[in-house]
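Please read the structure below before turning to the comments.
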Amino acid sequence: MRRFLLLIVILLFGVGVFGLSAQEERVLVVGHAESTDSLDPAHGYTQTTGIINRVTYETLVTFPDADASAIVPQLAADWTVSEDGLSYTFNLNTAATFANGDPLTADDVVFTFNRLKYVQGTPSFLAANIASVTADDADTVTVVLATPDPAFLANLAANPFAITNDAQVTENGGSAAEDAVTTDTAEAFLNGTSAGTGPYVLESWEPQVETVLVRNANYWGEAPYFDRIIITNIPEAATQKVALESGEIDIALDLTSDQLSTMGDNADVTVATTPGNIVHFLLMNNDPELGGPVSDPLVQLAIRYALDYEGYKALWGGITPASPLAIGQLSAYGEDQAFVRDLDQARALLAEAGYADGFEITLSYPIFTFQGVNMETNAQKIQADLAEVGIIVTLNPGELQVSLEEYRTGQQGFAYWFWGPDFLDPIDVLSFLPSGKVGGERANWTDENADQAIIDLRDQAAVESDPEARVALFQQIQDYLRESGPWAAFLQPNVQTAFRSDLQGYTWHPQWLINLALLSRVE
Amino acid sequence: MPIYLFILRRVLVTIPLLLGITLVSFLIANAIPADPINANLPQSQLNNEELVAAFRAEWGLDKPPVEQYFTYLNNLLHGNLGRSIKTRQPIAEDIARFLPATIELATVATVFGVTIGVTFGIVSAVWHKRPIDYAVRVLGLVGVSIPVFVLALIGLTVFHAQLGWVAGPGRLGARTPDPPLVTGLLVIDSLISGQWNTLRDAVSRLILPGMVLALYIAGLISRITRSSMLEVLGLDYMRTARSKGLRERWIILRHGLSNAMIPVVTVIGLSYGSLLAGAVLTESIFAWPGIGRYMFRASTSQDFPAIMGVSLLIALIYVVVNLIVDILYYFLDPRIRAT
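Top line first, the protein sequences correspond to chains A and B.
Position one of the first sequence corresponds to residue 2 (our numbering), numbered consecutively onward.
Position one of the second sequence corresponds to residue -9 (our numbering), numbered consecutively onward.
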């Protein structure tokens, strides 16, 4: 019996030494809490699908590696937009080929957009405004919209618009016809094979276990560093932390900030910090019944001067946005344009408004911690900041759903909230302008009580599609929001990711979170 | 009574039991006041009445509940568990994919747990009310009381991340090649294909989650073993055995333990059943793709066919485990053979 046990021990721990020797292949192991049921670009619309499809597919246009500050070419070499903002013509990049060797043609774009629209998957709403897609010739495609949408190019950078191989997908049950919702059966195929032009191809996806990507041998662009990427499903963040510390995984995508804070002294692990795209702000209701003193534009400006912007950055890390438009988006002002604390200016403005001795006000906010930023802590700091200029704040924390309901129905006079853009185009900030989703409904900033100047800017920005004119318009909007309007944006907190210290090239992106093709290992 | 008749009788009894379980799980699944349409159709399709109707027809949700139930039973009789709404795969395939991971883990945990539990129980009974008895009982209590997820995380941090004695979470490391699929049990499959590295990795990854689950059942088993042994050790035939001059070890193991095993076997059976039914927390922390996690996902997305399928599977597991326990009784206790 003992001899038998000894034999087993030798088998288990001894023989391995003579097994496979060091692997030549460059392998990247990613720990991630998988959250998808589909890798088909027309069906999957989750973080996981976005991360994987970012490297297996490509889109006509995309964003720069680190932010959404511009629209840059990818599969389209260049494009033109018609005067009326309805018609977009793209010249395709003739060098581009699919992973199976097929060249990219205009038909593939037509197929992809129509399939997305008609298959009625979760992300199909993105294509709802497309009236028609036509191939003008093999390398030119024209998209006509039903109504002008200046954010259309930004939407095209989203993964559902990833260009799929027409012939390959059709062969495997794909359909882009109007009845695609019932006739398209290509999802199962696309869950096992990627029919795209990206630097990697999907080798296998075992749901809830792991996804394996291998380098696309036919890639038309610059080859990525890693030969193979294994995305292993680790649902628990605490387990990801352990696996990262032991070197089982190279990068952990779902760690929470309290876990990251304990990893600082581990030399094997690097914690990368980047400003995210969430903006924390104060809402000062324009309705005097609700806002009281904070509905006064002079008080609104005074409060902007009174906040200790550096203090919030010291608490959480991050940057100070110049307006509710997050830094990193097209045309967004950088931190150099942001407010700087000036208590004398704040006091002078309060005196001018008739509140030389200050006033009392209640601040509403939810009991909530978002991406590691505890709103309770910030509320207490706001209370302390404003006390220095004589504004006595009573804190009114609310249960998230209750407070959210009050906020969304515009019942809060003075409130603290945060905003994450719905999509990465500056047009998103129009929500904060008069009669917008946040401006009108929540802060009672309406066409009736707002300046005509900002109303005009808003109306022009909503339809202008010329890139240069757009930048100019959004800068004017930001100039206006600096001095006026019911907002005090005070913090754009950092997001953090941890990875093994021998990994390089990590860049956080507000759209796809991480581009795995940019990573490499220090050798 | 011959063994085959005994088994046949037990199997026949399980049929109404399983029927009852299908009924109860069907009723519970239907009693949830939420529409699976909302959980499973994308927003863009919810407003399209035709598509919603097609979805209801596809999954039989447009029929009256009684008809739904009988359709389900009819499919079941033909060996068809239906398709999962969430994964869109046949449930039987899903179960076949996730169950081996759970079987492997539950088996290892039970082996560990029984070894530790029975040993502790015997030690505790033989040295009754001595310091070692108290020590073992406290250990048992600790095993039962510490939450599994605490043990799991401490285990991973200490034995994997810091000491490096065992491999990390998951059934296999991402860099370890998978063995060709035969049984789905990685230890067996890698033995068959002779992939020693894979085998070593698979075994190393079983130890920690196996121990975590084992500590819990070991506490129960050691307490049952102790009390059952104490009862047996005081009986007349033990004194007889001693007066015959048998060796003490022989007396305790042959005369004592084998007679004390009946209640212990019951607890072992139940524990094995409950481990197979899914140790959701342990599977989650160890990134173990088992049936517990599958069931959790099915419940949160109101995937009725999957919930029904897994409920039935769990019931079946208990029935089979109980059957095995009864068969063991047959061998352990001659009186059962006589009746």
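Glycine residues also receive a C-beta, built at the ideal position from the N, C-alpha and C atoms.
For residue i and residue j, what's the separation of their Cα atoms in angstroms?
{"i": "Gln121(A)", "j": "Ser262(A)", "result": "43 Å"}
{"i": "Ala470(A)", "j": "Pro435(A)", "result": "21 Å"}
{"i": "Ser485(A)", "j": "Pro298(A)", "result": "6 Å"}
{"i": "Ile307(B)", "j": "Tyr226(A)", "result": "48 Å"}
{"i": "Ala463(A)", "j": "Glu406(A)", "result": "27 Å"}
{"i": "Tyr58(A)", "j": "Thr165(A)", "result": "7 Å"}
{"i": "Ile207(B)", "j": "Pro324(B)", "result": "28 Å"}
{"i": "Thr194(A)", "j": "Thr274(A)", "result": "34 Å"}
{"i": "Pro511(A)", "j": "Gly319(A)", "result": "14 Å"}
{"i": "Val374(A)", "j": "Ile304(A)", "result": "21 Å"}
{"i": "Asp316(B)", "j": "His245(B)", "result": "21 Å"}
{"i": "Glu400(A)", "j": "Ile393(A)", "result": "23 Å"}
{"i": "Ser22(A)", "j": "Ser264(B)", "result": "Note on Ser22(A): pLDDT 43, under 50, position unreliable in the model; no value is reported."}
{"i": "Glu84(A)", "j": "Asp84(B)", "result": "54 Å"}
{"i": "Arg(-1)(B)", "j": "Pro90(B)", "result": "29 Å"}
{"i": "Val163(A)", "j": "Asn38(B)", "result": "Looking at the sequence itself, residue 163(A) is Ala, so the reference to Val does not match. If I take the Cα positions, the gap works out to 25 Å."}
{"i": "Ser466(A)", "j": "Leu154(A)", "result": "10 Å"}
{"i": "Ala132(A)", "j": "Leu157(A)", "result": "15 Å"}
{"i": "Phe99(A)", "j": "Ala196(A)", "result": "7 Å"}
{"i": "Glu246(A)", "j": "Ile93(B)", "result": "29 Å"}
{"i": "Asp449(A)", "j": "Pro325(A)", "result": "A small correction: the amino acid at residue 449(A) is Glu; Asp does not occupy that position in the sequence shown. Computed Cα separation, rounded: 22 Å."}
{"i": "Met201(B)", "j": "Leu7(B)", "result": "33 Å"}
Starting from the C-beta of residue i, find all residues in its chain whose C-beta is less than 6 Å away, skip the five residues before and the five after it, and write them out in chain order.
{"i": "Gly51(A)", "result": "Asn160, Trp513"}
{"i": "Leu254(A)", "result": "His33"}
{"i": "Ser176(A)", "result": "Thr184, Asp185"}
{"i": "Leu291(A)", "result": "Gly414"}
{"i": "Ala151(B)", "result": "none"}
{"i": "Thr4(B)", "result": "Val309"}
{"i": "Leu67(B)", "result": "none"}
{"i": "Gln24(A)", "result": "Because the pLDDT at Gln24(A) is just 49, under 50, the model does not fix this residue reliably, and the value given afterwards should be weighed accordingly. Contacts found: none."}
Identify the contact partners of residue i in chain B, using a Cβ-Cβ distance below 8 Å as the criterion.
{"i": "Ser247(A)", "result": "His150, Ala151, Gly154, Gly158"}
{"i": "Ile231(A)", "result": "Ala164, Arg165"}
List the residues of chain B whose Cβ lies closer than 7 Å to the Cβ of residue i, in chain order.
{"i": "Glu25(A)", "result": "Under the 7 Å cutoff, chain B gives no residues; its nearest Cβ is about 13 Å from Glu25(A)."}
{"i": "Val182(A)", "result": "Leu41"}
Strictly below 8 Å CB to CB, what residues from chain A border residue i?
{"i": "Ile275(B)", "result": "Glu237, Ala239, Thr240"}
{"i": "Leu95(B)", "result": "Those do not exist, as Leu95(B) stays about 14 Å from chain A at its closest Cβ, beyond 8 Å."}
I think residue i touches residue j, with their Cβ atoms under 8 Å apart; what is that distance to the nearest whole Å?
{"i": "Thr47(A)", "j": "Thr37(A)", "result": "5 Å"}
{"i": "Tyr481(A)", "j": "Ala451(A)", "result": "Going by Cβ atoms, the distance from Tyr481(A) to Ala451(A) rounds to 10 Å, so no, they are not a contact pair."}
{"i": "Pro427(A)", "j": "Leu492(A)", "result": "In fact, because the Cβ distance is near 19 Å, the residues do not count as touching under 8 Å."}
{"i": "Asn287(A)", "j": "Trp446(A)", "result": "5 Å"}
{"i": "Ala204(B)", "j": "Ala99(B)", "result": "5 Å"}
{"i": "Gly163(B)", "j": "Asp191(B)", "result": "5 Å"}
{"i": "Val202(A)", "j": "Ala187(A)", "result": "Between Ala187(A) and Val202(A) the Cβ distance is about 16 Å, and since that is not below 8 Å, they are no contact."}
{"i": "Thr90(A)", "j": "Thr143(A)", "result": "5 Å"}
{"i": "Leu344(A)", "j": "Glu311(A)", "result": "Actually they do not touch by this definition, with Cβ atoms about 13 Å apart."}
{"i": "Ala489(A)", "j": "Phe282(A)", "result": "6 Å"}
Suppose the cutoff is 7 Å on Cβ atoms and the five residues either side in sequence are ignored; what does the same chain contact list for residue i look like?
{"i": "Val257(B)", "result": "Leu210, Ile211, Ile214"}
{"i": "Asn187(B)", "result": "Thr166"}
{"i": "Leu431(A)", "result": "Gly437, Arg459, Ala462, Ala463"}
{"i": "Leu139(B)", "result": "According to the sequence provided, residue 139(B) is Phe. The question's Leu does not apply to it. Within the same chain, Phe139(B) has close Cβ partners Leu271, Ile275."}
{"i": "Leu63(B)", "result": "Thr12"}
{"i": "Thr95(A)", "result": "Asp140"}
{"i": "Leu12(A)", "result": "With a pLDDT of only 47 at Leu12(A), under 50, the local geometry of the prediction cannot be trusted, and the value read off the model is given with reservation. Within the same chain, Leu12(A) has no close Cβ partners at all."}
Starting from residue i, find everything on chain A with Cβ-Cβ shorter than 9 Å and list it in chain order.
{"i": "Gly246(B)", "result": "Neighbours of Gly246(B) on chain A: none; closest Cβ ~22 Å, over 9 Å."}
{"i": "Arg283(B)", "result": "Gln209, Pro236"}
Leaving aside the five residues before and after residue i along the sequence, list all residues of the same chain whose C-beta is less than 8 Å from its C-beta, in chain order.
{"i": "Phe88(B)", "result": "Pro279, Gly280, Ile281, Arg283, Tyr284"}
{"i": "Val272(A)", "result": "Leu261, Met264, Gly265, Gln497, Thr498, Ala499"}
In chain A, what lies closer than 7 Å to residue i by C-beta?
{"i": "Leu146(B)", "result": "Thr240, Val243"}
{"i": "Lys76(B)", "result": "Asp38"}
{"i": "Tyr279(B)", "result": "Rather than Tyr, the amino acid found at residue 279(B) in this sequence is Pro. By Cβ distance, chain A contributes Gln209, Val210."}
{"i": "Leu143(B)", "result": "Ala239"}
Using a C-beta to C-beta distance shorter than 9 Å, which residues of chain B count as neighbours of residue i?
{"i": "Val272(A)", "result": "The premise fails here: Val272(A) is roughly 17 Å from chain B at the closest Cβ pair, so nothing lies under 9 Å."}
{"i": "Val28(A)", "result": "Ala164, Arg165"}
Taking only runs that begin and end inside the segment 185 to 268 of chain A, name each unbroken alpha helix (DSSP H) of 4 or more residues, in chain order. 188 to 191, 238 to 247, 258 to 261
Please give me, in chain order, every unbroken run of the beta strand (DSSP E) with length at least 3 that falls completely inside the segment 69 to 127 of chain A. 77 to 82, 88 to 93
Counting only runs that start and end within the segment 321 to 396 of chain A, where is the beta strand (DSSP E) found for 3 or more residues in a row? 360 to 367
Runs of alpha helix (DSSP H) lying entirely within the segment 105 to 165 of chain B, each at least 4 residues, in chain order: 121 to 135, 138 to 145
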